[in-house]
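Peer 1: Take this structure, written in structure tokens, and hold onto it; I'll ask about it next.
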Amino acid sequence: MNIKNIKINKLSENEKRIFVDIPRCMGCRACEIACIKKHSWKNNIDIGKRNGDINDINGIARIRIVKYKTYALPLQCRQCPEPYCYFACIAGAIRIEEGNMIFEEDKCTHCYSCVMSCPYGVIHLENDILTPAIKCELCSDEKIPPCVRVCPTRTLFLGNQQEFKKLLKGRKEKCIT
Amino acid sequence: MHYLIIGGCAAGLNGIEGIRKIDKEGEITLISEEKYPPYARCLITNYLIGTHTEEDLFLRESSYYEKMKVNLILGKKVVTVNAKNKNIILNDGEKISFDRMLIATGSVSQRLDCKGEEKQGIFEFRNIQDVYNIKQMVEKCEKAFVFGGGLVGIKAAYGLNKIGVDVEMVVKSSQLFSRFLNKSASNIILNWIEKNGIKITTKIAPVEIYGNKEITGIRFDNGEEKKAQLGIIGKGVRANISFLKNSDLHLHWGVVVDEYLRTNFYDIFSAGDVAETEDLITGKPWINPLWMNAQEQGYIAGINMAGEMRSYPGSIAGNSAEFFGLPVISLGEVKETENVEIIESKDEGEKGYSYKRFILKNNTLIGVVLIKDVEDAGVYLALIRAKVNLQEYKDILGKPWFNYGRIKDLIEIENGFRESISPEGEKIFFK
Ligand SMILES: Cc1cc2nc3c(=O)[nH]c(=O)nc-3n(C[C@H](O)[C@H](O)[C@H](O)COP(=O)(O)OP(=O)(O)OC[C@H]3O[C@@H](n4cnc5c(N)ncnc54)[C@H](O)[C@@H]3O)c2cc1C
């Protein structure tokens, strides 16, 4: 194992996360596509796994649209402050340090414990290829994650809770997550 | 405030995390018998195979303990606990007093209970030292046996198989994983593992291990004798409480704790494999000796030690593993008992080995087994934790369209969070 190449993803600074204003979502799945593009090796959704290039397994959406009552619901990591995936991870790959969630991909050993424990079902593992678990990392290398950036209806919102609540002030029907 | 933690693995480490979340100043001392800082015990197989070195297993970098201001005492054992006088004695005679203490001494292997068990070449499979010793032996080993068909046994067999040792598992009961898989699920796994080169024999047990000092062979209860140079015990665990015998602490299977993980002494807490908490599903005292429970308990105990009052909802049997590329997840009570309803689906076709099983009692989900297609397992675990009525949702269990969106309301409604829909406290839904 190449321990020198630790890839640390600093997440959820100031408890930032992606909030969802559910009624706005029209299920266009632009966020899914933006996510796949961002995480495919060649930054292109047309070449990659679908053409049989298994090196491009990263080209998997970390956000997905599911059905929720009569709504479409974007589902992605909630960056829980005390996440079950952390408690379940037998390898110490997921941990919280100084308020940041750290996912050290090199340490992941493909044991499915995070998949077993995430109540939202937003951590994925490929069945037959030994790759680290895949989960939303808030794209800390970008100012705004691509999924939020491309959302045409502004369903997705990046920020902390206070900022999000301010945005919803005065709205009668709130259906958020 | 001086916090003392005995036992440095999952529960002990998270004790530090919990304490430091609340109390940034208090003094913390962590004592562990092993000479390594907290490490990933479940991955010692990888150390056996050679993909990980000892350091790779460590759960935190060494700077972490400095940053957290933790005084690590490694390689020393606590031999006596004076609960009344609030001090402990180490094996070298040193006495250390504490204000609050966390007992996180984990578990020890069950014994084999057969003649010749103490012979050289018979190992437990619990820590780095065990694996180091096994590694010294494998060179001259032609045939190895693993006793016991639990998770630890299979991990040991898997590791030996990977480094090219001819290994056979012998299991006393009639199936693998009798603790957390039902018969038909375990048969699928058994076939798969055998297909990948590990021989498994069920319904036999060793009666004698022979050889001069080192083992040379094993006699089984069906009369058969087989040559062997290595044997590994994987027969389950029991709480490591022998050193607490005269401590006035309330002991049963493990250290008995209340919902705040506090023992019968106000200042002493316990967490992990050594602590006897409630089982979340049955509500009865139980130990589920698993990593997830140990980490969560350690964390909550730490928080409570530092003065907060957070109750622990109960431990849960949740196993996940992957053998030769086939993932298996088992949650809660998976065996058939009275008054349960079972929903089962199976696909042993070309793609094969896909299996799903749901166990409901009074319309609440109490157990799940998933093989191969394990996506969304955590959502099922959330349903088990929430104990919600699933009468109208039975037909979506295990279906490809099952996901969090389908049951989002259910979890919220049942717990009175529908109106407040507060995003920050989502974890509270499951309490
Ligand atoms: C090979 C293997 C594979 C496993 N795989 C999985 C898995 O895949 N999933 C899963 O959920 N669980 C798994 N487990 C179980 C998991 O490792 C345990 O549940 C977990 O380690 C419990 O943590 P703990 O901190 O309570 O105790 P332990 O890990 O047992 O640690 C206790 C520590 O305390 C020290 N100690 C004991 N007595 C004293 C004393 N008197 N003084 C000082 N120090 C002392 C011990 O040396 C030890 O370091 C596995 C276990 C093994 C052995």
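Chains as they are written, first to last, in the numbering used here: chain X, 8 to 184; chain L, 171 to 601. Each residue gets a CB set at the ideal place from its N, CA and C atoms; glycine is no exception.
Which word fits Asn-58/X, buried or exposed, when buried means at least 16 other C-beta atoms lie within 10 angstroms of its C-beta?
Peer 2: With a pLDDT of 49 at Asn-58/X, under the threshold of 50, the modelled position of that residue is not reliable, and the figure given next carries that caveat. By the neighbour-count rule (16 or more Cβ atoms within 10 Å), Asn-58/X is not buried but exposed.
Peer 1: The beta strand (DSSP E) with Ile-620/L in it runs from where to where?
Peer 2: An answer regarding residue 620/L cannot be provided, because it is not within the stretch 171 to 601 covered by chain L.
Peer 1: Assign Gly-263/L to buried or exposed, taking buried as 16 or more other Cβ atoms, counted over all protein chains shown, within 10 Å of its Cβ.
Peer 2: Gly-263/L should be labelled exposed.
Peer 1: CB of Arg-296/L to nearest heavy atom of ligand 1: below 6 Å?
Peer 2: Checking the Cβ of Arg-296/L against ligand 1 gives yes.
Peer 1: Select from the stretch 104 to 126 of chain X all residues with a C-beta closer than 7 Å to any C-beta belonging to chain L, and list them in chain order.
Peer 2: Listed in sequence order: Thr-116, His-117, Cys-118, Tyr-119, Ser-120, Val-122, Met-123, Ser-124, Cys-125 and Pro-126.
Peer 1: Quick one: grab the DSSP three-state call for Thr-215/L.
Peer 2: Reduced to three states, the DSSP call for Thr-215/L is helix.
Peer 1: Pull the bridge partners of Phe-28/X from the DSSP assignment, please.
Peer 2: The sequence given here has Asp at residue 28/X, not Phe. For Asp-28/X, which the question treats as bridged, DSSP gives the partners Ile-183/X.
Peer 1: What are the partner residues of Glu-112/X, as DSSP defines its beta bridges?
Peer 2: Note: Glu-112/X sits in no beta bridge, so no partner.
Peer 1: So what's Gly-537/L in DSSP terms, helix, strand or just coil?
Peer 2: Reduced to three states, the DSSP call for Gly-537/L is strand.
Peer 1: Have a look at the DSSP bridge pairing and note the partners of Pro-376/L.
Peer 2: The partner list for Pro-376/L (beta bridge, DSSP) reads Phe-390/L.
Peer 1: Tell me which residue opens and which closes the alpha helix (DSSP H) that Tyr-127/X is part of.
Peer 2: Note, Tyr-127/X: premise wrong, no alpha helix (DSSP H); not H, not E.
Peer 1: Which runs of the beta strand (DSSP E) at least 3 residues long sit entirely within the stretch 314 to 387 of chain L? Give them in chain order.
Peer 2: As far as the stretch 314 to 387 of chain L is concerned, its whole beta strand (DSSP E) runs of at least 3 residues are 336 to 341, 369 to 372 and 376 to 380.
Peer 1: By DSSP's criteria, Arg-102/X is part of a beta bridge. Which residues make up the other side?
Peer 2: Answer by DSSP bridge pairing, in chain order: Ile-109/X.
Peer 1: Taking contact to mean at least 3 C-beta pairs separated by less than 8 Å, is the stretch 230 to 247 of chain L in contact with the stretch 198 to 209 of chain L?
Peer 2: Cβ pair count under 8 Å is three or more, so yes.
Peer 1: Kindly indicate if chain L contains any beta-carbon less than 7 Å away from that of Asn-58/X.
Peer 2: Interpretation of Asn-58/X is limited by its pLDDT of 49, a score under 50 that renders its predicted location unreliable; no figure is taken from the coordinates.
Peer 1: Mind listing the chain L neighbours of Val-73/X? Cutoff is C-beta to C-beta under 8 Å, in chain order.
Peer 2: Result: Asn-573, Tyr-574, Gly-575 and Arg-576.
Peer 1: Going by alpha carbons, who is nearest to Ser-344/L out of Tyr-217/L, Arg-555/L, Glu-309/L and Gly-318/L?
Peer 2: Nearest of Tyr-217/L, Arg-555/L, Glu-309/L and Gly-318/L to Ser-344/L, Cα basis: Gly-318/L.
Peer 1: Can the beta-carbon of Val-377/L be found less than 7 Å from the beta-carbon of Cys-284/L?
Peer 2: Closer than 7 Å, so yes.
Peer 1: So, does the CB of Asp-300/L fall closer than 7 Å to a CB anywhere in chain X?
Peer 2: For Asp-300/L, the answer is no, since every Cβ of chain X falls outside 7 Å of its Cβ.
Peer 1: Put Lys-396/L into one of helix, strand or coil per three-state DSSP.
Peer 2: Three-state DSSP puts Lys-396/L in a strand.
Peer 1: Could you confirm whether any beta carbon from chain L is found closer than 7 Å to the beta carbon of Gly-34/X?
Peer 2: No, its Cβ sits nowhere closer than 7 Å to a Cβ of chain L.
Peer 1: Run the proximity test for Gly-318/L: is its beta-carbon closer than 6 Å to any non-hydrogen atom belonging to ligand 1?
Peer 2: Incorrect: Gly-318/L has no Cβ contact closer than 6 Å to ligand 1.
Peer 1: Which residue marks the beginning of the alpha helix (DSSP H) containing Ala-37/X, and which one marks its end?
Peer 2: 37 to 46 is the span of the alpha helix (DSSP H), which, as asked, contains Ala-37/X.
Peer 1: Pairs of beta-carbons, one from the stretch 345 to 360 of chain L and one from the stretch 375 to 391 of chain L, closer than 8 Å: are there three or more?
Peer 2: Segments in contact, no.
Peer 1: Note down, in chain order, each residue of its chain lying with its Cβ closer than 6 Å to the Cβ of Cys-84/X, except the 5 sequence neighbours on either side.
Peer 2: The residues are Val-129, Lys-142 and Cys-143.
Peer 1: Could you check whether the Cβ of Asn-410/L sits closer than 6 Å to any heavy atom belonging to ligand 1?
Peer 2: Correct: Asn-410/L has its Cβ closer than 6 Å to ligand 1.
Peer 1: Any idea which residues DSSP pairs Thr-199/L with across the strands?
Peer 2: Thr-199/L is bridged to Leu-174/L and Asn-241/L.
Peer 1: Tell me the rounded alpha-carbon separation between Asn-410/L and Gln-169/X.
Peer 2: Each residue's alpha carbon lies about 47 Å from the other.
Peer 1: Using DSSP bridges, identify the partner residues of Asp-543/L.
Peer 2: Looking at the DSSP assignment, Asp-543/L forms no beta bridge with any residue, so it has no partner.
Peer 1: Roughly how many whole angstroms lie between the Cα atoms of Lys-601/L and Asp-428/L?
Peer 2: Caution applies to Lys-601/L, whose pLDDT of 27 falls short of 50 and renders its modelled position unreliable; the model cannot decide the point.
Peer 1: Just checking: is the beta-carbon of Leu-163/X within a distance shorter than 7 Å of some beta-carbon in chain L?
Peer 2: Leu-163/X does not count as touching chain L.
Peer 1: Return yes when the C-beta of Cys-179/L is under 6 Å from any heavy atom of ligand 1, and no when it is not.
Peer 2: Yes, Cβ of Cys-179/L sits closer than 6 Å to a heavy atom of ligand 1.
Peer 1: At the 7 Å Cβ level, is Leu-175/X part of the contact set with chain L, yes or no?
Peer 2: Taking Cβ atoms only, chain L never reaches closer than 7 Å to Leu-175/X, which makes this a no.
Peer 1: May I ask which residues mark the beginning and end of the beta strand (DSSP E) holding Asp-517/L?
Peer 2: That run of the beta strand (DSSP E) goes 510 to 517.
Peer 1: What do you get for Met-108/X, buried or exposed, if any count of 16 or more other CB atoms within 10 angstroms of its CB means buried?
Peer 2: Under this definition Met-108/X is a buried residue.
Peer 1: List in chain order: all unbroken beta strand (DSSP E) runs of 3+ residues lying wholly within the stretch 453 to 499 of chain L.
Peer 2: Within the stretch 453 to 499 of chain L, the complete beta strand (DSSP E) runs of at least 3 residues are 488 to 493.
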